[in-house]
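Engineer: FYI, in this note's numbering the residues of the sequence shown are 31 to 269.
Think of the CB as a built atom: it goes at the ideal place given N, C-alpha and C, for glycine as much as any other residue.
Owing to the predicted nature of the structure, the values given are computational and were not obtained by experimental measurement.
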Amino acid sequence: MMDLSKFIGNKIKEYRERRNLTQEDLADMLNTTRQSISRYETGERKANQDMLFKLSEIYEISINDFFPSNSKKSITTIYNELEQLRQKKVYNYAEEQLESQKQAKQSNVIPLNSNNDPLTSFDWYGHASAVTGEFLDGNENKTTIQLPKKDIPQNADFALTVNGDSMKPVFKNHEMIFVERTTDLPSGSIGIVVVDGEAFIKKIYINDDCMTLVSLNPKYEDKVIKDAQFIKVIGHVII
């Protein structure tokens with residue numbers, strides 16, 4: 031019997047090597063450790079759906095490419111094999127998902143809950159820029175939204191929506207992210223920092239005489255902060 035975790039791990043390694051990335055390179059892009067990448071690749075640790083989606087963005091492949099070919103049945107094939115009553119259930123569910131997707135694109139917020147998962151109130155601070163920066167500090171921008179409880183990471187204090195593409199491929203434009211509020215951010219971590227009233231989502235390097243904000247998208251240059259009037263680290267982005 032096939033060990034799916036090992037199969038997926040081999041694929042993670044195969045596509046990483048195809049893109050000439052080291053384990054350290056991939057770990058930096060995912061804001062994790064080389065040891066974690068190694069455990070994914072050996073199958074010791076199972077990559078969850080969110081991780082596979084992020085990897086597929088980095089590798090520019092379909093998430094299906096991580097799985098055995100004999101498990102890649104098309105939606106149409108599966109649908110046609112179902113009995114009529116079950117086909118109707120699939121159709122109704124697909125309609126719900128399509129409507130949820132449309133509303134999510136309109137609001138740039140997380141898709142509506144369509145699976146009857148328990149909802150909970152959660153703080154959302156709007157859009158923070160991954161390019162030029164937008165204001166984020168205090169409670170004036172805070173909105174309370176309803177999210178499925180299972181979608182909220184354990185240490186998350188609030189959510190933001192990314193506005194811009196400078197943190198691709200790890201974070202896409204209009205993607206919702208979760209943040210743990212802290213002012214103690216290790217250098218090299220992906221975090222939220224407010225500089226002179228504007229909020230940035232960047233990989234942050236802290237030096238004695240400056241702070242460097244690094245984009246993951248190579249088309250953007252690093253931003254070196256030396257003479258800002260106000261700098262405040264808001265939190266750590268949870269991946």
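If K233 and I220 are in contact, beta carbons under 8 Å, what's the gap, nearest whole angstrom?
Structural biologist: With a Cβ gap of about 5 Å, K233 and I220 count as contacting.
Engineer: Out of curiosity, what's the CA-to-CA distance linking G265 and F230?
Structural biologist: Cα to Cα, G265 sits roughly 11 Å from F230.
Engineer: Helix or strand or just coil, what does DSSP make of S144?
Structural biologist: Low per-residue confidence applies at S144: pLDDT is 48, beneath 50, and the placement is therefore not dependable enough to give any value.
Engineer: Classify E18: buried if its beta carbon has 16 or more other beta carbons within 10 angstroms, exposed otherwise.
Structural biologist: Because the chain spans 31 through 269 in this model, residue 18 falls outside it and cannot be assessed.
Engineer: Apply the 10 Å Cβ neighbour rule to F83 and answer buried if 16 or more other Cβ atoms are within range, or exposed otherwise.
Structural biologist: Under this definition F83 is an exposed residue.
Engineer: Based on Cα-Cα distance, which residue from D80, E205, V223 lies nearest to K180?
Structural biologist: Closest by alpha carbon: D80.
Engineer: Do you know how far the Cα of M197 is from the Cα of T191?
Structural biologist: Distance between the alpha carbons of T191 and M197: 12 Å.
Engineer: Beta-carbon separation of V225 and V267 under 7 Å?
Structural biologist: Taking 7 Å as the Cβ cut-off, V225 and V267 do not qualify as a contacting pair.
Engineer: For V263, which residues from the same chain have a beta carbon less than 7 Å from its beta carbon, with the 5 sequence-adjacent residues on both sides left out?
Structural biologist: The residues are T213, L215, G221, V223.
Engineer: Could you tell me if K249 is buried or exposed, where buried requires 16 or more neighbouring beta carbons within 10 angstroms of its beta carbon?
Structural biologist: Exposed, because fewer than 16 other Cβ atoms sit within 10 Å of the Cβ of K249.
Engineer: With K253 as the anchor, note down where its alpha helix (DSSP H) starts and where it stops.
Structural biologist: Counting along the chain, K253 falls outside any alpha helix (DSSP H), though it belongs to the beta strand (DSSP E) covering 253 to 255.
Engineer: Look at M206 and A186 and say whether their C-beta atoms are less than 7 Å apart.
Structural biologist: The answer is no: Cβ separation not under 7 Å.
Engineer: How many Å lie between L85 and P148 at the Cα?
Structural biologist: Distance between the alpha carbons of L85 and P148 is about 28 Å.
Engineer: Could you give the distance in angstroms between the alpha-carbon of Y89 and the alpha-carbon of C240?
Structural biologist: Taking the straight line joining both Cα atoms gives about 33 Å.
Engineer: Taking 7 Å as the limit between beta carbons, can you name the residues of its chain near Q53, skipping five residues before and five after?
Structural biologist: If we look at Q53 and ignore the five residues flanking it on each side, its Cβ neighbours are R64, I67, S68.
Engineer: Cα separation between W154 and E251?
Structural biologist: Approximately 28 Å between the Cα atoms of the pair.
Engineer: Check the C-beta distance from I269 over to T62 and give it rounded, since I have them as a contact under 8 Å.
Structural biologist: I269 to T62, Cβ: 7 Å. Contact.
Engineer: Cutting at 6 Å between CB atoms, please list the residues of its own chain near T150, excluding the five before and the five after it.
Structural biologist: If we look at T150 and ignore the five residues flanking it on each side, its Cβ neighbours are K179.
Engineer: How long is the line joining the alpha carbons of I261 and G227, rounded to whole angstroms?
Structural biologist: Distance between the alpha carbons of I261 and G227 is about 8 Å.
Engineer: Could you pull out every residue in the same chain whose Cβ sits closer than 8 Å to the Cβ of T174, ignoring the five residues on either side in sequence?
Structural biologist: If we look at T174 and ignore the five residues flanking it on each side, its Cβ neighbours are S151, F152, D153, W154.
Engineer: Beta-carbon separation of S253 and L246 under 7 Å?
Structural biologist: Rather than Ser, the amino acid found at residue 253 in this sequence is Lys. For K253 and L246, no; Cβs fall outside 7 Å.
Engineer: What is the rounded straight-line gap between the Cα of I236 and the Cα of D257?
Structural biologist: Going from the Cα of I236 to the Cα of D257 covers about 14 Å.
Engineer: Is the Cβ of L60 closer than 7 Å to any Cβ of chain D?
Structural biologist: The chain labelled as chain D is not found in the depicted structure, where only one protein chain is given.
Engineer: Using beta-carbon positions only, say whether F96 and K41 come within less than 7 Å of one another.
Structural biologist: Their beta carbons are under 7 Å apart, which means F96 touches K41 by this criterion.
Engineer: For the putative contact between L271 and V200, defined by C-beta atoms under 8 Å, what is the C-beta separation to the nearest angstrom?
Structural biologist: Given a span of 31 to 269 for the chain in the structure shown, any question on residue 271 remains unanswerable.
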